[in-house]
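Below is one structure, written out as structure tokens, with a few remarks after it.
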Amino acid sequence: MLAAFFEMVLEAEEADVNEWVMNCLPSYAWRTFESEDEAKRWLNEYQDLPSEAVALAKMEDWIDDLALMVKAGDPPGPELNQLVEKGFHWPRHAALQAAAQRKGLPDLILKVLKHESVTEHAAFIIADWLGRIDPQRFPSTEIKNLVADLNKREIPAGKRQTELHVRTIDSDPLKKWILHPPLDVSLPEAGAGLLVVLPGGDGSIDFAPFVQDTIRSAAGPDFVILQMIAPPITPMFKNAMVWPLAHLPDARIPFTMEPVILAAVNVARIEHRIDPNRIWVMGWSSGGPAAYELVLMPDSPFSGALVAMSIFMPNLLSPLNGAKDKSFYVLHSPQDFIAMRFPEAASSQLHEAGARTTLVEYEGGHGWHGDVATKIRAAITWLETPDQARHP
Numbered sequence: 033m034l035a036a037f038f039e040m041v042l043e044a045e046e047a048d049v050n051e052w053v054m055n056c057l058p059s060y061a062w063r064t065f066e067s068e069d070e071a072k073r074w075l076n077e078y079q080d081l082p083s084e085a086v087a088l089a090k091m092e093d094w095i096d097d098l099a100l101m102v103k104a105g106d107p108p109g110p111e112l113n114q115l116v117e118k119g120f121h122w123p124r125h126a127a128l129q130a131a132a133q134r135k136g137l138p139d140l141i142l143k144v145l146k147h148e149s150v151t152e153h154a155a156f157i158i159a160d161w162l163g164r165i166d167p168q169r170f171p172s173t174e175i176k177n178l179v180a181d182l183n184k185r186e187i188p189a190g191k192r193q194t195e196l197h198v199r200t201i202d203s204d205p206l207k208k209w210i211l212h213p214p215l216d217v218s219l220p221e222a223g224a225g226l227l228v229v230l231p232g233g234d235g236s237i238d239f240a241p242f243v244q245d246t247i248r249s250a251a252g253p254d255f256v257i258l259q260m261i262a263p264p265i266t267p268m269f270k271n272a273m274v275w276p277l278a279h280l281p282d283a284r285i286p287f288t289m290e291p292v293i294l295a296a297v298n299v300a301r302i303e304h305r306i307d308p309n310r311i312w313v314m315g316w317s318s319g320g321p322a323a324y325e326l327v328l329m330p331d332s333p334f335s336g337a338l339v340a341m342s343i344f345m346p347n348l349l350s351p352l353n354g355a356k357d358k359s360f361y362v363l364h365s366p367q368d369f370i371a372m373r374f375p376e377a378a379s380s381q382l383h384e385a386g387a388r389t390t391l392v393e394y395e396g397g398h399g400w401h402g403d404v405a406t407k408i409r410a411a412i413t414w415l416e417t418p419d420q421a422r423h424p
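Right, dumping it as structure tokens:
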């Protein structure tokens, strides 16, 4: 029974088990949970029901809501993106596939896919779903063409592309990055700061407005912001790494991100006067492991990192002795489904390796919550103030 099973494992002492539940449960509930207590309250509503029955009922409710939105002419793009985030397991189950087909989900999705608010990552996965639900109607060639058309949205044409300074390395369309120039022309004598941003999630260009507005304003007017764009994850590579690294390669691309990022940094340093002591990297969620690695790798130009809501696995990184004399600001929520042991280990072990570290907690769970700009500003201020407190 769904409630009894999940409540049993939520009560387990092992952190790995609780983390698994908080990752898995949204696929059945079609919603996220801010805490384990909230998940338990939801489970109590479905006492004695099989997990498949709950998942089926919730999916059908969601399709009904989507149909009403389409009929009313409302933009359902965000809801479709939400489907990708919360219901990504359902295409694997025959009963759910049959229910989706019976309730007309393929036709609804085709109407929604054309809406501009659908993210690129969602579009790729949804195209794959169409092929699973109705392989006769949506053969592989049609899916391939659909994905190709959607991929054209990746870099908006015209004015926005110019404003965002979208670039490539070696003219390779998989090696994209965006340069957000400094807002202040009167830079310090030593030069501007440089903040390399590795977004979480799928690392796509969809994060550009957040980087351009929130992060750039939080960093300050004397910063150059360099936003990397992750190679797209297509339906053929569902378990791909968002930011492939030398220690974490990925079969979908013939390169790793370290040299691509360093090449972008070199271009930024050529085009702007950069203070070599103010080169930082910021990564959250899926961008966190890459942020750690960029600071730890041999001959790294980075003085430190802001890592938020992410894991820390030293066995998949360069040796921690590369942290000596570097700075790490670790930001994490105790309500995050990523257990606190990860940021705690990062702060402690990097400090032991000779780094200056601090771990700052916030409320709200996984994701950016509250006054985000103030949180980022505090992190960058700490990184750039060497006499601020180290690891306790």
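Sequential numbering from 33 applies to the sequence shown in my numbering. Virtual Cβ for every residue (Gly too), placed ideally from N, Cα, C.
**Prompt:** Apart from the five residues just before and just after Ala262, which ones in its own chain have a Cβ nearer than 7 Å to its Cβ?
**Reply:** Looking up residue 262 in the sequence shown gives position 230. Excluding sequence neighbours, Ala262 sits near Asp234, Gly235, Ser236, Val274 and Trp275.
Unbroken alpha helix (DSSP H) run spanning Val274, endpoints: As a working note, residue 274 is residue 242 in the sequence shown. Counting along the chain, Val274 falls outside any alpha helix (DSSP H), and DSSP gives it neither H nor E.
| What span of residues does the beta strand (DSSP E) with Tyr361 cover, start to end? | Residue mapping note: residue 361 aligns to position 329 of the sequence shown, counting from 1. Unbroken beta strand (DSSP E) run through Tyr361: Ser359 to His364.
- With DSSP collapsed to three states, give me the class of Thr390. Within the sequence shown, residue 390 is the residue found at index 358, counting from 1. Of the three classes helix, strand and coil, the one that applies to Thr390 here is strand, per DSSP.
Review point. For the putative contact between Arg310 and Gly225, defined by C-beta atoms under 8 Å, what is the C-beta separation to the nearest angstrom?
Key: Your numbering for residue 310 matches position 278 in the sequence shown. Your numbering for residue 225 matches position 193 in the sequence shown. Their Cβ separation, rounded to whole angstroms, is 4 Å, which keeps Arg310 and Gly225 in contact under 8 Å.
* Where DSSP assigns a beta bridge to Trp209, which residues make up the other side? -> Numbered from 1 along the sequence shown, position 177 holds the residue referred to as residue 209. DSSP lists Arg199 and Met260 as partners of Trp209.
Is it a yes or a no for the stretch 246 to 264 touching the stretch 203 to 213, going by three-plus beta-carbon pairs under 8 Å? yes
Meets three-Cβ-pair contact criterion under 8 Å: the stretch 337 to 355 and the stretch 289 to 299: no
Notebook entry, point to check: Below 8 Å between beta carbons: does that hold for Leu313 and Ala337?
Noted result: In the sequence shown, the residue the question calls residue 313 occupies position 281. In the sequence shown, the residue the question calls residue 337 occupies position 305. Just to set this straight, residue 313 is Val in the shown sequence, not Leu. It is a contact, given that the beta carbons lie within the stated cut-off.
**Study point:** Same chain, Cβ closer than 6 Å to Leu215, neighbours up to 5 away in sequence not counted
**Key:** Translated into positions along the sequence shown, residue 215 becomes position 183. Cβ within range, chain order: Pro253.
If you draw a straight line from the alpha carbon of Arg373 to that of His383, how long is it in whole angstroms?
Counting from 1 along the sequence shown, the entry for residue 373 is found at position 341. Counting from 1 along the sequence shown, the entry for residue 383 is found at position 351. The straight-line gap from Cα to Cα measures roughly 15 Å.
To the nearest whole angstrom, what separates the beta carbons of Phe344 and Ala378, a pair I think is in contact under 8 Å?
-> To locate residue 344, count along the sequence shown from 1; it is residue 312. To locate residue 378, count along the sequence shown from 1; it is residue 346. Right, their Cβ atoms sit about 4 Å apart.
> DSSP on Ile285, reduced to helix/strand/coil?
Replying inline: What you label residue 285 is simply residue 253 of the sequence shown in a count that begins at 1. Residue state, collapsed to three classes: coil.
*Where the alpha helix (DSSP H) through Ile26 begins and ends*: In the structure as shown, the chain begins at 33 and stops at 424. Residue 26 is therefore absent and cannot be evaluated.
What span of residues does the beta strand (DSSP E) with Arg310 cover, start to end? Position 278 of the sequence shown, counted from the first residue, corresponds to residue 310. Its beta strand (DSSP E) spans residues Ile306 to Trp316.
Review point. In three-state DSSP terms, what is Thr194?
Key: To locate residue 194, count along the sequence shown from 1; it is residue 162. Interpretation of Thr194 is limited by its pLDDT of 33, a score under 50 that renders its predicted location unreliable; the figure taken from the coordinates is listed afterwards. Here Thr194 sits in helix by DSSP.
Reduced DSSP secondary structure (H/G/I, E/B, other) of Ala224
As a working note, residue 224 is residue 192 in the sequence shown. Strand at Ala224.
Would you tell me roughly how many angstroms separate the C-alpha atoms of Val102 and Lys143, rounded to the nearest one? Position 70 of the sequence shown, counting from 1, holds the residue named residue 102. Position 111 of the sequence shown, counting from 1, holds the residue named residue 143. Using only the alpha carbons, I get a separation of about 8 Å.
- request: Assign Asp204 to one of three DSSP states: helix, strand, or coil.
  value: For the purposes of this step, residue 204 is identified with residue 172 of the sequence shown, where counting begins at 1. Reduced to three states, the DSSP call for Asp204 is strand.
**Beta-carbon separation (whole angstroms), Tyr394 vs Ser365, contact threshold 8 Å** = Taking the sequence shown and counting its residues from 1, the one referred to as residue 394 is at position 362. Taking the sequence shown and counting its residues from 1, the one referred to as residue 365 is at position 333. Tyr394 to Ser365, Cβ: 5 Å. Contact.
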